[in-house]
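Participant: Got a structure for you, questions after.
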Amino acid sequence: MRLGTQRALEIISEACRHIPDELLNFASDVPWKKIRGIGNILRHEYHKIADDVIWVVVTQNILPLKAAINAIQESVGDENQP
């Protein structure tokens with residue numbers, strides 16, 4: 001379960017790296033640099049990862065991140081409509 005969760009966080013981190021910076025401004029309160037960076041920690045410094053840190057990320061940070069991504073998606077959708 002732990003490894004699967006960590007892998008999912010790696011994927012989220014990598015996906016955030018592909019969001020253009022101008023779109024990230026729609027959710028400027030989100031710590032994008034940290035989100036982008038956690039993937040590197042999970043991939044390269046896995047021996048330093050504390051389970052309680054992963055738990056906090058999953059239980060406290062994922063839902064606000066999802067809301068921010070939804071806001072970005074809505075803003076892009078609004079711009080592309082006639």
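So for the sequence shown, the working numbering puts the first residue at 1; every next one is plus one.
Note that the Cβ used here is the ideal one computed from N, Cα and C, for glycine as well.
1) Quick check: the region 16-24 against the region 32-49, are at least 3 beta-carbon pairs closer than 8 Å?
2) Please check the pair residue 36 and residue 17, which I expect to be a contact at CB under 8 Å, by giving their CB distance rounded to whole angstroms.
3) To which residues of the same chain is residue 14 closer than 8 Å at the C-beta, ignoring the five residues directly before and after it?
4) Residues in the same chain with beta-carbon distance under 8 Å from residue 71, minus the five sequence neighbours each way, listed in chain order, please.
5) Would you call residue 73 buried or exposed, if buried means 16 or more other Cβ atoms sit within 10 Å of its Cβ?
6) What whole-angstrom Cβ distance do residue 5 and residue 58 have, given they're in contact under 8 Å?
7) With a threshold of 8 Å on Cβ separation, who are the neighbours of residue 49 within its own chain once the five nearest residues in sequence on each side are excluded?
8) Taking the C-alpha atoms as reference points, what is the distance between residue 2 and residue 46?
Facilitator: Quick answer:
1) Between the region 32-49 and the region 16-24 there are three or more C-beta pairs closer than 8 Å, enough to call the two in contact.
2) Reading the sequence shown from its first residue, position 36 is the one you call residue 36. Reading the sequence shown from its first residue, position 17 is the one you call residue 17. 5 Å between Cβ atoms; contact.
3) Counted from its first residue, the sequence shown places residue 14 at position 14. Result list for residue 14: 39, in chain order.
4) In the sequence shown, residue 71 corresponds to position 71, counting from 1. Here the set comprises 26, 27.
5) Here residue 73 corresponds to residue number 73 of the sequence shown, with the count starting at 1. Answer is exposed; the Cβ neighbour count stays below 16.
6) Walking along the sequence shown from the start, residue 5 turns up at place 5. Walking along the sequence shown from the start, residue 58 turns up at place 58. Right, their Cβ atoms sit about 6 Å apart.
7) The residue you call residue 49 lines up with position 49 of the sequence shown. Counting only residues of its own chain and dropping the five nearest sequence neighbours on each side, residue 49 has a CB closer than 8 Å to the CB of 6, 41, 42.
8) The sequence position of residue 2 within the sequence shown is 2, counting from 1. The sequence position of residue 46 within the sequence shown is 46, counting from 1. Looking at the two C-alpha atoms, the distance is approximately 12 Å.
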